[in-house]
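All remarks here apply to the structure that follows.
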Amino acid sequence: MPVLWREYGLAAAVGALSTAACFALYPVLSLTDLVMVYLAGALVVALRGERGPALFASLLGVLCFNFFFVPPRFTFQVAHPQYVVTFVVMFAVAAVISHLAVRVRAQAEATKQAEVAAETEKLRSSLLSGVSHELRTPLAAIIGSATSLLQTSPAPKSRELLETIRDEAERLARLVYNLIETTRLESGAVRLKKEPYPVEDVVGTALERLEKLLAGRKVETDLPENLPLVPVDPLLMELVFVNLVENAVRHAPGGGPLEISARERMDCVEVSVADRGPGLAEADLPRVFEKFYRAGAAAGGAGLGLAICKAVVEAHGGTITAENRPGGGAVFRLTLPRKDPA
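Mapped onto this note's numbering, the consecutive letters of the sequence shown carry residue numbers 30 to 371.
So this is what it looks like as structure tokens:
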């Protein structure tokens, strides 16, 4: 509030300066020219970006012009009716100029903020990409070493430690891979290598990769053999299903069943990945696909998996949504066009 009152004070000061200037120029300029001085003052106030003070400066300019310079001078009485029209037009022009100036300033500030946000995001993505690439080699070495040691039939306690090292290193490697793919997708560096591919094969490959994670958990699949082929990049689409299944496992603890189904629609194939966990909070539904957003209190995860799913599916011209299931749990539905939109 003090800042706003300061702007009104500035508007009054500009009005006083405009009036002083008009007094100095009155002997040599016409009344029409003096109007331009007040309009310039209103523009100066408007350029500071506050609509209220700008309108106040416009009104103050009309009142000062009437009082000090329009015959009879030093009174608000008007000798000729045409001056009333002059006042109305003067205020309207000043108000329009003020509105446009405020709007231009607001747009300039919004553009500047957008540029700063874009530059910040670019810097963060570059940093994440650099760190991720540097981590891949040591992680591969850790996984390889742990796997080799496990093949030597170590003591039970050592085996347990080695399995923990290998599993956690693999989890971190998947996180690094997600970071790299997120950066590549956002930068537009990914060129989709589409080919007609059966959805059931992509889902099957993803489930094979997660065989260890899904051990002891029931996975129900309903993937008809007569589904049409869809143009996809199989490697990227496999990443989508890996992330969706991992997300379902993370949010459905206790060995609850997972359900994966596919259906042919009019111009697309719809695939669903569902669980019987606690479901999603209403506040999470609009943001669940945002990068680094973590819904609920599930352990693990960095908030990247679902963001990658959305980016990959949309790059294929499809859609992906999340909703809660009747009876508990969440379901993620994605659609893939039967014809290449490109």
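Glycine included, every Cβ here is placed at the ideal spot set by N, Cα and C. Predicted model only: the values in this text are computed from it and were never measured.
Item to complete: Please state whether DSSP places residue 196 in a helix, a strand or coil.
Response: Residue numbering aside, residue 196 sits at position 167 when the sequence shown is read from its first letter. Note: residue 196 maps to helix in three-state DSSP.
Item to complete: Could you check what DSSP says for residue 318 in three-state terms: helix, strand or coil?
Response: Your numbering for residue 318 matches position 289 in the sequence shown. Coil at residue 318, not helix or strand.
Discussion item. With a threshold of 8 Å on Cβ separation, who are the neighbours of residue 121 within its own chain once the five nearest residues in sequence on each side are excluded?
Written reply: Counting from one through the sequence shown, the residue named residue 121 turns up at place 92. Cβ within range, chain order: n/a, list empty.
Discussion item. Quick check on DSSP: helix, strand or coil for residue 351?
Written reply: Indexing the sequence shown from 1 puts residue 351 at position 322. Strand, per DSSP.
Discussion item. Using a 10 Å radius around the Cβ and a threshold of 16 neighbouring Cβ atoms, would you call residue 44 buried or exposed?
Written reply: Working through the sequence shown from its first residue, we reach residue 44 at position 15. That one is buried.
Practice prompt. Name the residue from 340, 351, 355 whose alpha carbon lies nearest to the alpha carbon of residue 305.
Written response: Position 276 of the sequence shown holds residue 305. Relative to residue 305, the option among 340, 351, 355 whose CA is nearest is 355.
Practice prompt. Tell me, please, whether the CB atom of residue 292 is closer than 8 Å to any CB atom in chain D?
Written response: No chain D appears in the structure shown, which is made up of a single protein chain.
Discussion item. Taking the straight line between their C-alpha atoms, what separation do you get for residue 100 and residue 59?
Written reply: Here residue 100 refers to the residue found at position 71 of the sequence shown. Here residue 59 refers to the residue found at position 30 of the sequence shown. For residue 100 and residue 59, the distance between alpha carbons rounds to 13 Å.
Practice prompt. Return helix, strand or coil for residue 174, following the three-state DSSP convention.
Written response: Taking the sequence shown and counting its residues from 1, the one referred to as residue 174 is at position 145. In this structure, DSSP gives residue 174 a helical state, which the three-state scheme calls helix.
Fill in: Where residue 260 sits in the DSSP three-state scheme
Residue 260 sits at position 231 when you count from the first residue of the sequence shown. Three-state result, residue 260: strand.
Discussion item. Any contact between the stretch 273-281 and the stretch 232-246? By contact I mean 3 or more CB pairs, one from each, below 8 Å.
Written reply: Yes, the stretch 273-281 touches the stretch 232-246.
Worksheet item: For residue 129, is the classification buried or exposed, using 16 other Cβ atoms within 10 angstroms of its Cβ as the cut-off for buried?
Response: To locate residue 129, count along the sequence shown from 1; it is residue 100. Looking at its Cβ environment, which holds fewer than 16 other Cβ atoms inside 10 Å, residue 129 is exposed.
Item to complete: For residue 210, count neighbouring C-beta atoms within 10 Å of its own C-beta (all shown protein chains included) and say buried if the count is 16 or more, exposed if not.
Response: Within the sequence shown, numbered from 1, the residue matching residue 210 stands at position 181. Residue 210 counts as buried, since no fewer than 16 other beta carbons sit within 10 angstroms of its beta carbon.
Worksheet item: At what residues does the alpha helix (DSSP H) containing residue 230 begin and finish?
Response: The count along the sequence shown starts at 1 and reaches residue 230 at position 201. Counting along the chain, the alpha helix (DSSP H) containing residue 230 begins and ends at 228-238.
Worksheet entry | Identity of the residue in 286, 307, 346, 192 nearest residue 297 by Cα | To locate residue 297, count along the sequence shown from 1; it is residue 268. For the options 286, 307, 346, 192, the alpha carbon positioned closest to that of residue 297 is the one of 346.
Worksheet item: What is the residue span of the alpha helix (DSSP H) that residue 87 lies within?
Response: Here residue 87 refers to the residue found at position 58 when the sequence shown is read from its first residue. Its alpha helix (DSSP H) spans residues 80-98.
Worksheet item: So is residue 212 buried or exposed if we call it buried at 16+ other beta carbons inside 10 Å?
Response: Counting from one through the sequence shown, the residue named residue 212 turns up at place 183. Under this definition residue 212 is a buried residue.
Fill in: Pick from 116, 172, 163, 290 that is closest to residue 91, judged by C-alpha positions
Here residue 91 is taken as the residue at index 62 of the sequence shown, counted from 1. For the residues 116, 172, 163, 290, the minimum Cα distance to residue 91 belongs to 116.
Item to complete: Figure out for me which residue from 367, 288, 113 has the closest Cα to the Cα of residue 270.
Response: Position 241 of the sequence shown, counted from the first residue, corresponds to residue 270. When C-alpha distances from residue 270 are compared across 367, 288, 113, the shortest belongs to 288.
Fill in: Beta-carbon proximity list for residue 198, same chain, < 6 Å, skipping 5 on both sides
Locating residue 198 in the sequence shown gives position 169, where the first residue counts as 1. Within the same chain, residue 198 has close Cβ partners 168, 171, 172.
Discussion item. Measuring straight from C-alpha to C-alpha, what distance separates residue 206 and residue 335?
Written reply: The sequence position of residue 206 within the sequence shown is 177, counting from 1. The sequence position of residue 335 within the sequence shown is 306, counting from 1. One C-alpha to the other measures close to 14 Å.
Worksheet item: Just reading off the alpha helix (DSSP H) that residue 61 is part of, what are its end residues?
Response: Position 32 of the sequence shown, counted from the first residue, corresponds to residue 61. Taken as a continuous stretch (DSSP letters only), the alpha helix (DSSP H) holding residue 61 covers 60-75.
Practice prompt. Tell me whether residue 240 counts as near the ligand SAM, meaning its Cβ is closer than 7 Å to at least one heavy atom of that ligand.
Written response: As far as ligands go, the structure on display features none, and thus does not contain the ligand SAM.
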